[in-house]
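Participant: Have a look at this one.
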Amino acid sequence: MNALFEDAGKFFAGRVMLETDTSVQIELDSGKRVKVKAANLLLKFDKPQPAEMVAAAQLLAQEIDLDLAWEFAPDAEFSFVDMARDYFEASAGLEKQAAALFRLFEAPHYFRRMGKGNFKKAPAEIVKAALLGIERKKLVAAQIEGWAAELVAGQCPQPVRDQLYKLLFKPDKNAPEYKAVVEAARLSQKAPLDLLKGAGAINSPYLFHWKRFLFESFPKGTGFPALAAPAIKETLPLAAVRAFSIDDSQTTEIDDALSVQGLGTGTVVFGVHIAAPGLAFAPDAPIDKVARERLSTVYMPGHKLTMLPDDVVQAYTLTAGRDCPSVSLYVTMNEATLAITGSETKLERVPIVANLRHDQLDSVVTEASLTGAAEAAYEFAPELAFAFRLARHLKAQREVVRGKPENFNRPDYNFRLDGNDAGEPQGTERVLITTRQRGSPLDLVVAEAMILANSTWGGWLAECGVPGIYRSQASMAPGVKVRMGIRPAPHAGMGVAQYTWATSPLRRYVDLVNQWQIIACARHGRTAALAAPFKPKDVALFAIISAFDSAYAEYNGFQSGIERYWALVSLAQNGITELNAVVMKDGLVRADDLPLVFRALGAEGLPRGAHVRVRLQGTDLLTLDLHASVATRLDDTAAPGEAAADAEGSADDADDAADSAGPLTLAIDVQGEGADEPAAITAAEAAPAG
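The opening residue of the sequence shown carries number 3 in the numbering used here; numbering runs sequentially from there.
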């Protein structure tokens, strides 16, 4: 005897081997024996063979008109046998009964399954809605097929073009556009990115990277709501200083300025004055909500996205010729020994006398002029000379704590784009990349002043029992990263007992948060914990740290990537086919004169620090890949000083470089449908790019 049964929504037929009151053992055509509950048996028969019966019934089932079957089906529950007799004939045999079963089972929009081969017809409105849904699915399937054909033919349908970044990086795998790309990639045997590029979906590599960043980080756009800069209502005393700032000419968010008082008296008061938006608005104010959403200014060659609207920035920035509200740190010290004897924080208006610019003065304000070995024919010469002497003193003290000197062996790179007067770059501009050696006198003055302020304020917050956002590093051992937390802890890379970020409140949100806490300390002293906006163990601080870490990493990653884009463009614009480079690790090399780290064939077996000449074989501006191979080695052995300097970043530096040199990662899946700082931190951390 043979039997037809249902198991997990599928029908099987086979020969009955053993039968009891509750179960039946059945041998399938494959030879496999299964135990089936008696309740799951639907038909028993002697002839024909199980496979023949199932095949014939499936063929016959397709002839059953579902609309006709539904029309004449009873309103009450019925069995498939009843349906076979009503639809075919009263004497409907085995194959017709099985055909009715198969057809009813595969049409749940017409007939509801009631169990044990019983069914009940669905209400008319349900059937109508289901049929409309089926028709829509057919149309969507046809649309997917059509779009896929266009993509294979090298044309990009507009709906796919409109969804480009979502498809590549955050796809909805049920969307027809996604399915069309997957199908086209399968048919053409091309990677999705190559497929879309070939179909004309990506017209500009630069705009591809830029719009991808906006899609991921600014999905609501980069515009600001209409916001007025609140006035500072507090009456602030006027400081008796002549303060000056030091920034690049492109800097509009001037956060910090310096002053020096008492030169020649034996006691000098060194002032660090920070723009004070925290005096104008409090947490949860409309402007704060905007700043908290952005968390930081985003920098890139030729353009930037500020954390705050420009008119708000201009209301609080330290512009020359104004008395600017400031949070000021005054550090008193012995003029001869530079020993610090005290510090004080004040909320005041500070006269900003000048905005000095790096690019205009770096070649003039030299170490020789600052130390008296050459003429100092520039403004604030005595103040800058003292600030430089103090900066070298502070740096030497930190290096004792670090256990080794800081190395400024690699330059900073400045990008200038010619031809983007309209605002946002388009990727076709001429790029000029110049270098500025780290550790220049003005760099050192600003960096050490900010480190002094951030470390001093970090200690003062702790003394007042007020939480802040700190940056710490347990050691400079390879793999030990800089962390953010709410408790003071040593920063080994900086060589200080504690370190906050509080000197850039116009361009970093954590600095603004710390400024609010510092203002509370300036107003209330030891009782500030009761008045500070953020209390100890405040969950809001942890949320801010988490959000800032994520956003800052995204912004820095984009900045690194887009700078890499322009560096690759400069190779083509200047006809560069070979570069000198230094070997890092795992086949990575670092260009001597451009901000480029890339893999070079032949570098794998060379020692770290070895100098090589690299032949360039091609670039891909979409994936930001640079293809190269070692042409010749320029030295017989690695230069000890250079190798040691390059190694200071240890494995972290090379790993970060490898990340920036790696291929573009896409979220689209054709097969399966359904910046941390390096271990050695330089003073540059204290002076963010402007």
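By construction, the Cβ of each residue, glycine as well, lies at the ideal position given by its N, Cα and C atoms.
Going along the chain, which residues of its own chain have a beta-carbon closer than 7 Å to the beta-carbon of Phe14, five neighbours each way excluded?
Facilitator: Locating residue 14 in the sequence shown gives position 12, where the first residue counts as 1. The residues are Phe7, Leu30.
Participant: In three-state terms, what does DSSP make of Thr529?
Facilitator: Here residue 529 is taken as the residue at index 527 of the sequence shown, counted from 1. Looking at Thr529 - three-state DSSP - the assignment turns out to be helix.
Participant: Pro507: which of Leu103, Ser298, Pro207, Glu450 sits nearest, CA to CA?
Facilitator: Locating residue 507 in the sequence shown gives position 505, counting from the first residue. The shortest Cα separation from Pro507 among Leu103, Ser298, Pro207, Glu450 belongs to Ser298.
Participant: Could you tell me the boundaries of the alpha helix (DSSP H) in which Gly460 lies?
Facilitator: On the sequence shown, residue 460 is found 458 positions in, with the first residue counted as 1. Per DSSP, Gly460 belongs to the alpha helix (DSSP H) from 443-465.
Participant: The beta strand (DSSP E) spanning Phe226 covers which residue range?
Facilitator: As a position in the sequence shown, residue 226 is number 224, starting the count at 1. DSSP places Phe226 in no beta strand (DSSP E); its state is neither H nor E.
Participant: Can you list, in chain order, the residues of its chain whose CB lies under 6 Å from that of Arg617, leaving out five sequence neighbours each side?
Facilitator: Working through the sequence shown from its first residue, we reach residue 617 at position 615. Answer for Arg617: Glu580, Ser631, Ala633, listed in chain order.
Participant: Can you tell me whether Met19 is buried or exposed? The criterion is at least 16 other CB atoms within 10 Å of its CB, across all chains shown.
Facilitator: Locating residue 19 in the sequence shown gives position 17, counting from the first residue. Exposed, because fewer than 16 other Cβ atoms sit within 10 Å of the Cβ of Met19.
Participant: Confirm, please, whether the CB-CB distance from Lys34 to Ser25 is below 9 Å.
Facilitator: As a working mapping, residue 25 is identified with position 23 in the sequence shown. As a working mapping, residue 34 is identified with position 32 in the sequence shown. Not closer than 9 Å, so no.
Participant: Are the Cβ atoms of Ala494 and Asn456 separated by less than 9 Å?
Facilitator: Numbered from its first residue, the sequence shown carries residue 494 at position 492. Numbered from its first residue, the sequence shown carries residue 456 at position 454. Going by C-beta atoms, Ala494 is not nearer than 9 Å to Asn456.
Participant: Just grab the DSSP bridge partners of Ile435 for me.
Facilitator: Walking along the sequence shown from the start, residue 435 turns up at place 433. According to DSSP, which records beta bridges pairwise, Ile435 is partnered with Phe417.
Participant: For the region 206-226 and the region 178-189, state whether three or more C-beta atom pairs, one from each stretch, are separated by less than 8 Å.
Facilitator: no
Participant: Which residue wins for smallest C-alpha separation from Arg525, given the options Gln263, Glu346, Asp257?
Facilitator: Within the sequence shown, numbered from 1, the residue matching residue 525 stands at position 523. Selected option, being the one with the closest Cα: Glu346.
Participant: Roughly how many whole angstroms lie between the Cα atoms of Ile435 and Val300?
Facilitator: Locating residue 435 in the sequence shown gives position 433, where the first residue counts as 1. Locating residue 300 in the sequence shown gives position 298, where the first residue counts as 1. Taking the straight line joining both Cα atoms gives about 19 Å.
Participant: From the DSSP output, in three-state form, read off Glu580 for me.
Facilitator: Position 578 of the sequence shown holds residue 580. It is a strand residue.
Participant: Can you have a look at Lys291 and say buried or exposed, based on whether 16 or more other CB atoms are within 10 angstroms of its CB?
Facilitator: Locating residue 291 in the sequence shown gives position 289, where the first residue counts as 1. Per the 10 Å Cβ criterion, exposed.
Participant: Give the single residue among Val468, Tyr501, Gly563 whose Cα lies nearest to the Cα of Lys537.
Facilitator: Counted from its first residue, the sequence shown places residue 537 at position 535. Out of Val468, Tyr501, Gly563, Val468 has the C-alpha closest to the C-alpha of Lys537.
Participant: Quick check on the burial criterion: 16 or more other C-beta atoms within 10 angstroms. Buried or exposed for Phe121?
Facilitator: By 1-based counting over the sequence shown, the position of residue 121 is 119. With 16 or more other CB atoms across the displayed protein chains lying within 10 angstroms of its CB, Phe121 is buried.
Participant: In whole angstroms, what separates the C-alpha of Leu331 from that of Asn416?
Facilitator: Residue numbering aside, residue 331 sits at position 329 when the sequence shown is read from its first letter. Residue numbering aside, residue 416 sits at position 414 when the sequence shown is read from its first letter. Cα-Cα distance, rounded: 31 Å.
Participant: The beta strand (DSSP E) with Met116 in it runs from where to where?
Facilitator: By 1-based counting over the sequence shown, the position of residue 116 is 114. In the DSSP assignment, Met116 falls within the beta strand (DSSP E) that extends over 113-117.
Participant: Reducing DSSP to helix, strand and coil, say where Met586 ends up.
Facilitator: What you label residue 586 is simply residue 584 of the sequence shown in a count that begins at 1. Coil at Met586, not helix or strand.
Participant: Nearest-angstrom Cα distance between Glu255 and Leu623?
Facilitator: As a working note, residue 255 is residue 253 in the sequence shown. As a working note, residue 623 is residue 621 in the sequence shown. If you take the alpha carbons of Glu255 and Leu623, they lie about 31 Å apart.
Participant: Taking the continuous beta strand (DSSP E) assigned at Ser474, which residues delimit it?
Facilitator: In the sequence shown, residue 474 corresponds to position 472, counting from 1. Counting along the chain, the beta strand (DSSP E) containing Ser474 begins and ends at 472-474.
Participant: What separation, rounded to the nearest whole angstrom, lies between the Cα atoms of Pro207 and Gln428?
Facilitator: Numbered from 1 along the sequence shown, position 205 holds the residue referred to as residue 207. Numbered from 1 along the sequence shown, position 426 holds the residue referred to as residue 428. In this structure, the alpha-carbon of Pro207 lies about 10 Å from that of Gln428.
Participant: Whose C-beta lies closer than 7 Å to the C-beta of Thr22 among residues of the same chain, with five residues either side of it excluded?
Facilitator: Residue numbering aside, residue 22 sits at position 20 when the sequence shown is read from its first letter. Nothing listed; no residue qualifies.
Participant: Output needed for Asp88: all residues of its chain with C-beta closer than 7 Å, excluding positions within five of it in sequence on either side, in chain order.
Facilitator: Along the sequence shown, one-based indexing puts residue 88 at 86. Correct list, in chain order: Phe74.
Participant: Going by DSSP in three states, Cys523 sits in which element: helix, strand or coil?
Facilitator: In the sequence shown, counting from the first residue as 1, residue 523 sits at position 521. Here Cys523 sits in helix by DSSP.
Participant: Can you give me the start and stop residues for the beta strand (DSSP E) that Asp258 sits inside?
Facilitator: Here residue 258 refers to the residue found at position 256 when the sequence shown is read from its first residue. That run of the beta strand (DSSP E) goes 258-263.
Participant: How close, in whole Å, do the beta carbons of Tyr472 and Ile453 come, if the pair is a contact with beta carbons under 8 Å?
Facilitator: As a first step, residue 472 is located in the sequence shown; it is residue number 470 there, counting from the start. As a first step, residue 453 is located in the sequence shown; it is residue number 451 there, counting from the start. With 8 Å as the limit, Tyr472 and Ile453 do not qualify as a contact, their Cβ atoms being about 14 Å apart.
Participant: In three-state terms, what does DSSP make of Gly611?
Facilitator: Walking along the sequence shown from the start, residue 611 turns up at place 609. Note: Gly611 maps to coil in three-state DSSP.
Participant: Bridge partners of Gln27, per DSSP?
Facilitator: For the purposes of this step, residue 27 is identified with residue 25 of the sequence shown, where counting begins at 1. BP columns for Gln27 point to Leu20, Lys37.
Participant: Using the rule of at least 16 other Cβ atoms within 10 Å of the residue's Cβ for burial, across every protein chain shown, is Ile289 buried or exposed?
Facilitator: Counted from its first residue, the sequence shown places residue 289 at position 287. By the neighbour-count rule (16 or more Cβ atoms within 10 Å), Ile289 is buried.
Participant: May I ask you to report which of helix, strand or coil DSSP gives Ile146?
Facilitator: In the sequence shown, residue 146 corresponds to position 144, counting from 1. Here DSSP, grouped into helix, strand and coil, assigns Ile146 to helix.
Participant: When the Cα atoms are used, what is the spatial distance from Cys466 to Val367?
Facilitator: Reading the sequence shown from its first residue, position 464 is the one you call residue 466. Reading the sequence shown from its first residue, position 365 is the one you call residue 367. Spanning the alpha carbons of Cys466 and Val367 requires a straight line of approximately 39 Å.
Participant: From Ser562, Glu65, Lys118, pick the residue whose C-alpha is nearest to that of Glu79; which is it?
Facilitator: Position 77 of the sequence shown holds residue 79. Nearest option by C-alpha distance: Lys118.
Participant: So, helix, strand or coil for Leu636, using DSSP?
Facilitator: Numbered from its first residue, the sequence shown carries residue 636 at position 634. It is coil, neither helix nor strand.
Participant: Cβ of Pro327 within 9 Å of Cβ of Leu446?
Facilitator: As a working note, residue 327 is residue 325 in the sequence shown. As a working note, residue 446 is residue 444 in the sequence shown. In this structure, Leu446 does not lie closer than 9 Å to Pro327 by Cβ.
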